[in-house]
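Below: the structure, in structure tokens.
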Amino acid sequence: MSVFGGDKANEYTFQNDMINQLLANGWLLGKPELYNRELALYEDDVLGFVKDTQDRQWQKYCKLYPNDPEQKFLERVALQLNKADPNAANKEMRTFGTLGVLRHELRDRGTRFRLCQFRPEHELNPDTLARYKKNRLRVVPELVYSPWATDEHLAATGVKAKAWRIDLVLFVNGLPVATLELKSEFKQAVQNAIRQYEITRLPVDPVTHKAEPLLTFKRGALVHFA
């Protein structure tokens, strides 16, 4: 399978090879346009995992928030991510940010959700094992990530971020865990990819002076590969 065709096929061979390898191992291929830039979430997978694995809690949540429960839940997840503290020193503070949301329950008005099921140590609990198998691993190529790189933001504020793309972004149940900038050994050195992160893939956009959710430390992707 090739994500890119025509004249660009050779240029993206390495990228396609990586995507194909991921797909062969159970990953799903995502579409950049389905990514919510402002929340830094792949919405379909956040909601899909919760509904597939925790239906009773989801039905309870829908009764608590009858008006657009899906949007309310996505905003609740984003709120938990936004509270990430680089200097978290106690248990409660460690429930915030991407790693905290993946590791700990998200609670809201008596409902409790897990956004990820880690592999169980044994198979004695079939429910846990079934939930683990329903984790959604997704790769999204050529992702324009900045919520500030839109005509709407330009019209509202008079400034607009540059629409930088990241070659590949990896998600677990809709939460970003890794970004990858790929370079061919024949054309561009690894140092070029590193410089991209240092100069243009910045956690705060230099034009709008606003934080980039995907690249914010502890709030966005956990690791960045060059």
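Position 226 (the sequence shown) corresponds to 217 in this note's numbering; numbering is contiguous.
Ideal Cβ positions, reconstructed from N, Cα and C, are used throughout, including at glycine.
Pick from the options: whose alpha carbon is nearest that of residue i?
{"i": "residue 67", "options": "119, 88 and 150", "result": "88"}
{"i": "residue 154", "options": "198, 33, 107 and 165", "result": "198"}
{"i": "residue 69", "options": "57, 217 and 30", "result": "30"}
{"i": "residue 149", "options": "38, 139, 58 and 101", "result": "139"}
{"i": "residue 3", "options": "62, 14, 175 and 86", "result": "175"}
{"i": "residue 76", "options": "157, 65 and 92", "result": "92"}
{"i": "residue 226", "options": "126, 217, 159 and 164", "result": "Only positions -8 to 217 of the chain appear in the structure, and residue 226 is not among them; the question remains open."}
{"i": "residue 101", "options": "111, 94, 54 and 147", "result": "54"}
{"i": "residue 200", "options": "186, 151 and 147", "result": "151"}
{"i": "residue 74", "options": "217, 209 and 216", "result": "209"}
{"i": "residue 36", "options": "125, 181 and 111", "result": "125"}
Let's see if you can read the secondary structure: which residues bound the alpha helix (DSSP H) around residue i?
{"i": "residue 35", "result": "34 to 44"}
{"i": "residue 249", "result": "Only positions -8 to 217 of the chain appear in this structure, which leaves residue 249 out of reach."}
{"i": "residue 158", "result": "Looking at the DSSP string, residue 158 is not in any alpha helix (DSSP H); the run it does join, the beta strand (DSSP E), is 156 to 163."}
{"i": "residue 181", "result": "181 to 190"}
{"i": "residue 89", "result": "88 to 94"}
Just confirm the distance between the C-beta atoms of residue i and residue j, as a whole number of angstroms; I'd bet it's less than 8 angstroms.
{"i": "residue 173", "j": "residue 192", "result": "With 8 angstroms as the limit, residue 173 and residue 192 do not qualify as a contact, their Cβ atoms being about 13 angstroms apart."}
{"i": "residue 114", "j": "residue 104", "result": "The Cβ separation is near 23 angstroms, so there is no contact."}
{"i": "residue 131", "j": "residue 21", "result": "4 angstroms"}
{"i": "residue 33", "j": "residue 162", "result": "5 angstroms"}
{"i": "residue 19", "j": "residue 128", "result": "7 angstroms"}
{"i": "residue 188", "j": "residue 217", "result": "6 angstroms"}
{"i": "residue 194", "j": "residue 184", "result": "Going by Cβ atoms, the distance from residue 194 to residue 184 rounds to 17 angstroms, so no, they are not a contact pair."}
Within 10 Å of its beta-carbon, does residue i have 16 or more other beta-carbons around it, so buried, or fewer, so exposed?
{"i": "residue 211", "result": "buried"}
{"i": "residue 204", "result": "buried"}
{"i": "residue -3", "result": "Confidence at residue -3 is low in this model, with a pLDDT of 42, below 50, so the placement of that residue is unreliable and no value is reported for it."}
{"i": "residue -1", "result": "Confidence at residue -1 is low in this model, with a pLDDT of 47, below 50, so its placement is unreliable and no value can be given for it."}
{"i": "residue 190", "result": "exposed"}
{"i": "residue 59", "result": "exposed"}
{"i": "residue 109", "result": "exposed"}
{"i": "residue 165", "result": "buried"}
{"i": "residue 15", "result": "exposed"}
{"i": "residue 147", "result": "exposed"}
{"i": "residue 71", "result": "buried"}
{"i": "residue -8", "result": "A caution first: residue -8 carries a pLDDT of 46, below 50, which makes its placement in the model too unreliable to give a value."}
{"i": "residue 52", "result": "buried"}
{"i": "residue 6", "result": "buried"}
{"i": "residue 122", "result": "buried"}
Which stretch, first to last residue, makes up the beta strand (DSSP E) that contains residue i?
{"i": "residue 59", "result": "Residue 59 -> no beta strand (DSSP E), and no H or E assigned at all."}
{"i": "residue 169", "result": "166 to 171"}
{"i": "residue 29", "result": "Counting along the chain, residue 29 falls outside any beta strand (DSSP E), and DSSP gives it neither H nor E."}
{"i": "residue 127", "result": "Segment: none, residue 127 is in no beta strand (DSSP E) and carries neither H nor E."}
{"i": "residue 214", "result": "214 to 216"}
{"i": "residue 102", "result": "102 to 104"}
{"i": "residue 99", "result": "97 to 99"}
Any beta carbon of chain D sitting closer than 8 angstroms to that of residue i?
{"i": "residue 140", "result": "The chain labelled as chain D is not found in the depicted structure, where only one protein chain is given."}
Exercise. Are at least three pairs of beta-carbons, each pair with one atom in the stretch 108 to 120 and one in the stretch 130 to 147, less than 8 angstroms apart?
Worked result: Because the criterion of three Cβ pairs below 8 angstroms is not met, the stretch 108 to 120 and the stretch 130 to 147 do not touch.
Exercise. Using 8 angstroms as the Cβ pair cut-off and three pairs as the minimum, do the stretch 43 to 54 and the stretch 14 to 27 touch?
Worked result: Per the Cβ contact rule, the stretch 43 to 54 is not in contact with the stretch 14 to 27 (fewer than 3 Cβ pairs under 8 angstroms).
For this session: Pair every Cβ in the stretch 47 to 63 with every Cβ in the stretch 133 to 140, then say whether three or more of these pairs are closer than 8 angstroms.
Result: Three or more beta-carbon pairs separated by less than 8 angstroms are not found between the stretch 47 to 63 and the stretch 133 to 140, which leaves the two stretches without contact.
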